[in-house]
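If you're matching positions, the sequence shown starts at 855 in the working numbering and goes up one per residue. Glycine is no exception: its CB is placed at the ideal position from the N, C-alpha and C atoms. Shown next, in structure tokens, is the structure this report addresses.
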Amino acid sequence: MTNATETQNICGLKREDFQTTVNGKKTDLFILRNKDGNEVAITNYGGAIVAIMVPDKNGVRANVIQGHDNIQDVINSPEPYLSTLIGRYGNRICKGRFQLHGKEYMLPINDGPNSLHGGKHGFNQKVWEALQMNDQTLVLKYVSPYGEEGFSGEVRVTVVYQFNDDNELHIDYMATTNKMTVINLTHHGFFSLAGIANPTPTVENIECQINADYYLPIDNTSIPTGEIRFVKDTPFDFRTPKTIGQDIDSDNEQLKNGSGYDHCYVLNKKEEKELSFAAMLKDPVSGRTMEVYTTEPGIQLYTDNFGSGITGQHGATFPRRSAICLECQHFPDTPNHPYFPSVVLKPGCEYRQNTFYRFGVEK
855 MTNATETQNI CGLKREDFQT TVNGKKTDLF ILRNKDGNEV AITNYGGAIV
905 AIMVPDKNGV RANVIQGHDN IQDVINSPEP YLSTLIGRYG NRICKGRFQL
955 HGKEYMLPIN DGPNSLHGGK HGFNQKVWEA LQMNDQTLVL KYVSPYGEEG
1005 FSGEVRVTVV YQFNDDNELH IDYMATTNKM TVINLTHHGF FSLAGIANPT
1055 PTVENIECQI NADYYLPIDN TSIPTGEIRF VKDTPFDFRT PKTIGQDIDS
1105 DNEQLKNGSG YDHCYVLNKK EEKELSFAAM LKDPVSGRTM EVYTTEPGIQ
1155 LYTDNFGSGI TGQHGATFPR RSAICLECQH FPDTPNHPYF PSVVLKPGCE
1205 YRQNTFYRFG VEK
């Protein structure tokens, strides 16, 4: 079939700028387009989403996700997780150590004393096998070999991106293993609903709602303490919409530990693996909204606290706190907290996750 990037697109990205060879595998750019002409652009290097073109209240489209405009900048980005797939294990594992089936595993340390997002060479740095099925669907596959980044088992992963006519970007994950292992997949989208710009506006005025009565406090290395804390009467209460900036600089130990919001919320669920409402963002100026639905038990709210003002596509710049990440996932450091929902994947079983982002406008 014809890759949509071969015809004119509105995101201004060129397919040839994303084509190279990494370790013998070819990278490319794929554009998904719905009936309204809105677009999602994805490269198979790390599954990075490099553009989401959706309209504001006046019908003006802008890119609402941070990314780069060529493959070399994606590969060499100062923010290696910029809007990429994350695996084998999203978020942190304390000191890179955990026990499984009586054996201790050690992972690379790449975030202070801890292992973050699958280690030094996670799924965000892999070239995925890609097949664009139609104008709205892209299938990515990757085989993670036995022992990769210290994890047990060979894991076969499939991720399907689908951008439908309701302006919903669905990301469906499937994985199997030949030996017991742990797995926690997510997508690390850096969302900027105002539209990326030079500079991209900060997110203090973005309204946020999170469907969670509880969150996980962290220590000063961002590892969950093990406590599950009620959000009521804390800066972490987003049960009704409020701006990100309202409490982000409060005199609060937890906010100091994360340099802002960098915490996992325990989503309210009626039953395990229920596909349900997780979070909502609204930009009051453009009117753009984004709702998040997921089968996962948790969602990590990260307010780009460690952003360094990097340059992205078409000269846009991304200052500190110019994006919000809502990473649907199991809880951080779960292998070291037996009462957290399990991340163990066994042979003969299938890991599945369904998450989608619905873009809209409120006039």
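Which residues in the same chain have their Cβ closer than 7 Å to the Cβ of residue i, if we skip the five residues on either side of it in sequence?
{"i": "glycine 921", "result": "Ala902, Ile903, Val904, Ala905, Leu936, Ser937, Gly1166, Gln1167"}
{"i": "glutamate 870", "result": "none"}
{"i": "valine 1139", "result": "Ala1048"}
{"i": "proline 999", "result": "Glu1008"}
{"i": "glycine 866", "result": "His1168"}
{"i": "valine 997", "result": "Glu1008, Arg1010"}
{"i": "glycine 1218", "result": "Because the chain here runs from 855 to 1217, residue 1218 falls outside it and cannot be looked at."}
Using only the alpha-carbon positions, how far apart do residue i and residue j sit?
{"i": "glutamate 860", "j": "glycine 950", "result": "The predicted model places glutamate 860 with a pLDDT of 49, which falls under 50 and marks its position as unreliable, so this point remains unresolved."}
{"i": "phenylalanine 1185", "j": "cysteine 1118", "result": "7 Å"}
{"i": "glycine 972", "j": "glycine 944", "result": "6 Å"}
{"i": "lysine 889", "j": "aspartate 1019", "result": "6 Å"}
{"i": "methionine 855", "j": "asparagine 978", "result": "Only weak support is given to the placement of methionine 855: the predicted model assigns it a pLDDT of 39, under 50, and the value that follows is read from those uncertain coordinates. Roughly 27 Å between the two C-alpha positions."}
{"i": "serine 1113", "j": "proline 932", "result": "19 Å"}
{"i": "glutamate 1216", "j": "glycine 1141", "result": "5 Å"}
{"i": "threonine 1143", "j": "valine 1011", "result": "30 Å"}
{"i": "phenylalanine 876", "j": "glycine 976", "result": "Inspection of the sequence shows that residue 876 is occupied by valine rather than by phenylalanine. Cα to Cα, the separation comes out at about 15 Å."}
{"i": "alanine 858", "j": "histidine 1042", "result": "Bear in mind that the predicted position of alanine 858 carries a pLDDT of just 49, short of 50, making it unreliable; the figure below should be weighed with that in mind. If I take the Cα positions, the gap works out to 24 Å."}
{"i": "phenylalanine 884", "j": "tyrosine 1027", "result": "18 Å"}
{"i": "aspartate 1073", "j": "isoleucine 1178", "result": "21 Å"}
{"i": "glutamine 1183", "j": "alanine 984", "result": "23 Å"}
{"i": "valine 1120", "j": "glutamine 862", "result": "42 Å"}
{"i": "lysine 1096", "j": "glutamate 1145", "result": "15 Å"}
{"i": "tryptophan 982", "j": "aspartate 1105", "result": "43 Å"}
{"i": "isoleucine 940", "j": "threonine 1035", "result": "16 Å"}
{"i": "leucine 1129", "j": "tyrosine 1205", "result": "15 Å"}
{"i": "threonine 1171", "j": "serine 1046", "result": "12 Å"}
{"i": "glutamate 1002", "j": "glutamate 958", "result": "15 Å"}
{"i": "threonine 1079", "j": "tyrosine 1156", "result": "18 Å"}
{"i": "alanine 1051", "j": "aspartate 882", "result": "25 Å"}
{"i": "asparagine 964", "j": "phenylalanine 1160", "result": "15 Å"}
To which residues of the same chain is residue i closer than 6 Å at the C-beta, ignoring the five residues directly before and after it?
{"i": "aspartate 1091", "result": "Val1085"}
{"i": "threonine 1056", "result": "Arg1175, Ser1176"}
{"i": "valine 894", "result": "Leu886, Ile906, Phe1017, Leu1023"}
{"i": "asparagine 1190", "result": "Cys948, Phe952"}
Who are the near neighbours of residue i in its chain, counting only those whose CB is closer than 8 Å to its CB and skipping five residues on each side?
{"i": "leucine 1109", "result": "Pro1089, Asp1101, Ile1102, Asp1103, Tyr1115"}
{"i": "asparagine 1021", "result": "Asn888, Asp890, Asn892, Val908, Arg1212, Phe1213, Gly1214"}
{"i": "isoleucine 1077", "result": "Arg946, Cys948, Asn968, Pro1186, Asp1187"}
{"i": "glutamate 1058", "result": "Thr1097, Ile1098, Gly1099, Ile1102, Arg1175"}
{"i": "threonine 1094", "result": "Gln1063"}
At a cut-off of 6 Å, is residue i close to the ligand SAH when judged by its beta-carbon and the heavy atoms of the ligand?
{"i": "threonine 875", "result": "As far as ligands go, the structure on display features none, and thus does not contain the ligand SAH."}
DSSP three-state label for residue i, please.
{"i": "isoleucine 1098", "result": "helix"}
{"i": "histidine 1168", "result": "helix"}
{"i": "phenylalanine 1160", "result": "coil"}
{"i": "glutamine 862", "result": "coil"}
{"i": "phenylalanine 1044", "result": "coil"}
{"i": "aspartate 1116", "result": "strand"}
{"i": "arginine 1174", "result": "coil"}
{"i": "lysine 880", "result": "strand"}
{"i": "leucine 1109", "result": "helix"}
{"i": "glycine 1001", "result": "coil"}
{"i": "threonine 1188", "result": "helix"}
{"i": "glutamine 990", "result": "coil"}
{"i": "glutamine 873", "result": "coil"}
{"i": "histidine 978", "result": "At residue 978 the sequence reads asparagine, which differs from the histidine that was named. Helix, per DSSP."}
{"i": "asparagine 1208", "result": "strand"}
{"i": "glycine 1007", "result": "coil"}
{"i": "glutamate 1216", "result": "coil"}
{"i": "glycine 900", "result": "coil"}
Note down, one range per segment and in chain order, each alpha helix (DSSP H) of at least 4 residues found wholly within the stretch 905 to 976. Qualifying alpha helix (DSSP H) stretches, in chain order: 925 to 929.
Do the stretch 1200 to 1215 and the stretch 1005 to 1025 make contact, defined as three or more Cβ pairs closer than 8 Å? The stretch 1005 to 1025 and the stretch 1200 to 1215 touch, with three or more beta-carbon pairs separated by less than 8 Å.
Quick test of the definition: if touching needs 3 or more C-beta pairs under 8 Å, does the stretch 986 to 999 touch the stretch 912 to 919? No: the two stretches stay apart, fewer than three of their Cβ pairs being nearer than 8 Å.
3 or more residues per run - each beta strand (DSSP E) lying fully within the stretch 1009 to 1093: With a minimum length of 3 residues, the unbroken runs of beta strand (DSSP E) contained wholly in the stretch 1009 to 1093 fall at 1009 to 1017, 1022 to 1031, 1061 to 1064, 1066 to 1069.
Can we say the stretch 1123 to 1136 touches the stretch 1050 to 1066, given the rule of at least three CB pairs closer than 8 Å? Yes, the stretch 1123 to 1136 touches the stretch 1050 to 1066.
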